[in-house]
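Going letter by letter, the sequence shown gives residues 1 to 66 in full-length UniProt numbering. C-beta atoms are modelled at their ideal positions from N, C-alpha and C, and glycine is treated no differently.
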Amino acid sequence: MKTLKELYNLSYDESNFGSGLIKWYNFLLDKKIGELTVTDISKMIRQDILKNLALEKSIDLFILNP
1 MKTLKELYNL
11 SYDESNFGSG
21 LIKWYNFLLD
31 KKIGELTVTD
41 ISKMIRQDIL
51 KNLALEKSID
61 LFILNP
């Protein structure tokens with residue numbers, strides 16, 4: 001299975017800020033869809049990153065654990 005970076009043709013944030021959000025984003029790109037956590041999905045929605053995917057996954061999680 002491909003990573004988010006490969007699936008959505010995304011690139012790493014190479015800015016020199018080194019903030020926690022940028023580190024998380026770069027780490028997120030190396031994850032596969034099945035590896036996304038609740039925290040990842042929440043941040044993706046708040047930061048408007050792959051929002052459709054994040055909303056789909058949040059609905060899946062809600063159905064599994066109402």
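Keeping to the same chain, check which residues put their C-beta closer than 8 Å to that of residue i; ignore five residues upstream and five downstream.
i	result
K5	S11, Y12, L29 and D30
G34	M1
Would you tell me roughly how many angstroms separate the C-alpha atoms of residue i and residue j, rounded to the nearest one?
i	j	result
N18	F27	In the sequence as presented, Asn is not what sits at residue 18; that position holds Gly. Rounded to whole angstroms, G18 to F27 spans 12 Å at the Cα level.
I59	S15	33 Å
R46	P66	21 Å
If you run the structure through DSSP and keep just helix, strand and coil, what is residue i?
i	result
T39	helix
K32	strand
Going by other Cβ atoms of all chains shown within 10 Å of its Cβ, with 16 needed for buried, is residue i buried or exposed?
i	result
I63	exposed
M1	exposed
L50	buried
K57	buried
Could you name the residues of the same chain whose beta carbon sits closer than 7 Å to that of residue i, not counting the 5 residues immediately before and after it, in chain order?
i	result
N52	none
Any beta carbon from chain C within less than 8 Å of residue i's own beta carbon?
i	result
L7	Note that chain C does not occur in the displayed structure, where there is just one protein chain.
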